[in-house]
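A short worksheet on the structure shown next.
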Amino acid sequence: MKTFLYTTLFIILNAFTGYSQIISINDEAFPESKQSLEQLVTDVLISSNCSTVDNFEPKVYGAADDFQTKSYGYFKRPVGSSFPFEEGVILTTGRAFPAGNTIIDKYEILDNYNGDPNIDDNDGDGDLDDALSISGTQDATYIKFNFTPQVETISFRFLMASEEYNGVDECFFADSFAFLLREVGTPIYTNLAVLPDGITPVSVTNINYSSLIPDDPTTPNDDFKCDSNIEFFHGYYVGHTNYGGRTVALTASSAVTPGATYEIKLVVADQGDSRFDSAIFLEGGSFNIGGDLGEDYKISTNNPGCSGASIELDTNLSVAGATFKWYKNGVEIEDETGSTLNITTDGTYSFEATLVSGCSSSDEIIIEFADGSEILVPIQNSSNPQTIFARIEKKSNVDCYSTTSFKLIVNPLPEVEIEVTLTQCDDDTDGISKFNLTEANRLISTDFEDEEFTYYLDKGPSRRR
């Protein structure tokens, strides 16, 4: 017997939306799209009110206002998209614009995306070659600059996307990129673009799920099988971009000395040939080198705090001797003088910090908490019992999710074989008398006080205990 059930799920995060919304890249509607790569780094990528950033050296193809042909640019997530970054900076080995904006059929990507003689066969990058022990890089795009952090650890979020994700080529070829860091005055770079093991470089050959044919993710592809670190691979042709596949959102990080000056080089290049292009997406505001509280926690942006749990606000200013003041809705919070603050209630929170160097820093963040939302889901069970699995994703970051399971059990209707008859004398011989229906309770059950009895008249139920 199949029965329609209505199951109530209590969740904190909103269910995911489809992957069909493609991101915008170098859209003239956004003023950031005509910024130079240096401006994008200072205005979009880096979040810092109290750290020095200078000595920029870019290598790009195309001028800042070459919206459709330059090799770098500004990207923006459309409303309803599940792409993990709201905005940021893209660095490519080809043209950035065709990677988004309009969906290109996956079989036509090469005809529409590559083959520009002004882009292909540009110089590679020697620092990238040395860092990864490779040769033959081409079409390099990079930005190099110095910065002085006011924290003990720097980090930023990124993901890699590539046309080499096609179910075959990721087994043999890997365009190259690196985030090369060194303290100014020292000769050796450290590559931050590595997996959580701290060693394995991020590349299509090191992150893929090639044993599955992209057109049919249920069919093994034994001819080209080189699965590697599949937990970091998001999928083939997911629709966020026109690349064949992409990684999940990853984090690059490194310990640093507050107050010291460092050089970082963000570089991507084709390797071996320029047939396929790859890109690095850098999350806007995620390069935190001190003095930023991060994104707001708001219901309207699908990332509120969870009611009953605390949120730790971190100034990301750990330099010795700094002093702090915290405010809620413009009113100073007494006895809160540390670099972090734990909160459990809605409000607009801000801090003011003064460093021993005389530099001052401040930032503000809006915090909203939300209870679990209730969703009614109609479902028809196909077996009895039946286990249902649920995956709940965050709209703004599908790589942030949790899973659970529960069972649907359909119990048969109880069988009542007792026939009860109530009799009453008709003293006035009019055919009508008063009946006490609770007398039937005792005849039906011996444990009637723990059961509920419902009696029905012609016009509907009449409930008696």
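So the sequence shown is residues 5 to 469, counted in the numbering used here.
A virtual CB, placed ideally from N, CA and C, is assigned to each residue, including glycine.
- Under DSSP, Cys310 forms a beta bridge with Ala374.
- By the neighbour-count definition (other C-beta atoms within 10 Å, threshold 16), Lys411 is an exposed residue.
- Sequence-distant partners of Ala259 (beyond 5 residues in either direction) whose C-beta falls short of 8 Å from its own C-beta, in its chain, are Glu156 and Thr157.
- Scanning its chain for C-beta atoms nearer than 6 Å, with the 5 sequence neighbours on each side dropped, one finds around Glu368 the residues Ser354, in chain order.
- Counting along the chain, the unbroken alpha helix (DSSP H) around Asn445 starts and ends at Thr442 to Ile448.
- With 16 or more other Cβ atoms inside 10 Å of its own Cβ, Glu287 counts as buried.
- For the 8 Å CB-CB criterion, Phe162 and Val271 do not form a contact.
- Taking the Cα of Gly128 as reference, the smallest distance to any Cα among Phe151, Val64 and Asn105 is reached at Val64.
- Relative to Gln154, the option among Leu297, Tyr193, Leu321 and Ser366 whose CA is nearest is Leu321.
- Checking the DSSP bridge columns, you'll see Glu287 partnered with Gly92.
- A contact between stretches requires three or more CB pairs, one per stretch, nearer than 8 Å, and the segment 129-139 fails this requirement with the segment 252-267.
- A straight-line Cα-Cα distance of about 59 Å links Val424 and Glu372.
- Here Gly140 carries a coil assignment [DSSP, helix/strand/coil].
- Gln275 is classed as buried because its beta carbon has at least 16 other beta carbons within 10 Å across all chains shown.
- Burial state of Val206 is buried, judged by a 10 Å Cβ sphere holding 16 or more other Cβ atoms.
- Leu270: member of the beta strand (DSSP E) spanning Tyr266 to Gln275, first to last residue.
- Taking 8 Å as the cut-off, the beta carbon of Glu167 is found no closer than this to the beta carbon of Ser343.
- By the C-beta criterion, the segment 297-304 is judged not to be in contact with the segment 171-185, since fewer than 3 inter-stretch pairs fall below 8 Å.
- Our two residues, Ala264 and Glu235, have alpha carbons roughly 36 Å apart in a direct line.
- Note: Glu336 is bridge-paired with Tyr331 in the DSSP secondary-structure output.
- Within the same chain, Tyr76, Thr145, Val272 and Ile284 come within 6 Å of Leu95 by CB-CB distance, once the 5 residues on both sides are set aside.
- When the alpha-carbon of His238 is set against those of Val45, Ile211, Ala100 and Ser37, the nearest one is in Ile211.
- Here the alpha carbon of Phe87 sits roughly 20 Å from the alpha carbon of Asn170.
- 8 Å or more divides the Cβ of Ala33 from the Cβ of Tyr247.
- Sequence-distant partners of Lys302 (beyond 5 residues in either direction) whose C-beta falls short of 7 Å from its own C-beta, in its chain, are Pro308, Ile370 and Glu372.
- For Glu356, the enclosing beta strand (DSSP E) stretches over residues Gly351 to Thr358.
- In this structure, Ile50 sits near Ile293, with a CB-CB distance shorter than 8 Å.
- DSSP places Glu42 inside the alpha helix (DSSP H), whose first and last residues are Leu41 to Leu44.
- Relative to the Cα of Thr319, the nearest Cα in the group Ala197, Thr352 and Ser365 belongs to Ser365.
- The continuous stretches of beta strand (DSSP E) do not include Pro102, and DSSP gives it neither H nor E.
- Annotation for Asp70: no beta strand (DSSP E) segment contains it, and DSSP assigns it neither H nor E.
- DSSP places Phe160 within a strand segment (E or B) once states are collapsed to three.
- Scanning its chain for C-beta atoms nearer than 6 Å, with the 5 sequence neighbours on each side dropped, one finds around Leu345 the residues Leu317 and Trp330, in chain order.
- Contact check for Asp47 and Gln39: beta-carbon distance about 7 Å, within the 8 Å limit, so the pair qualifies.
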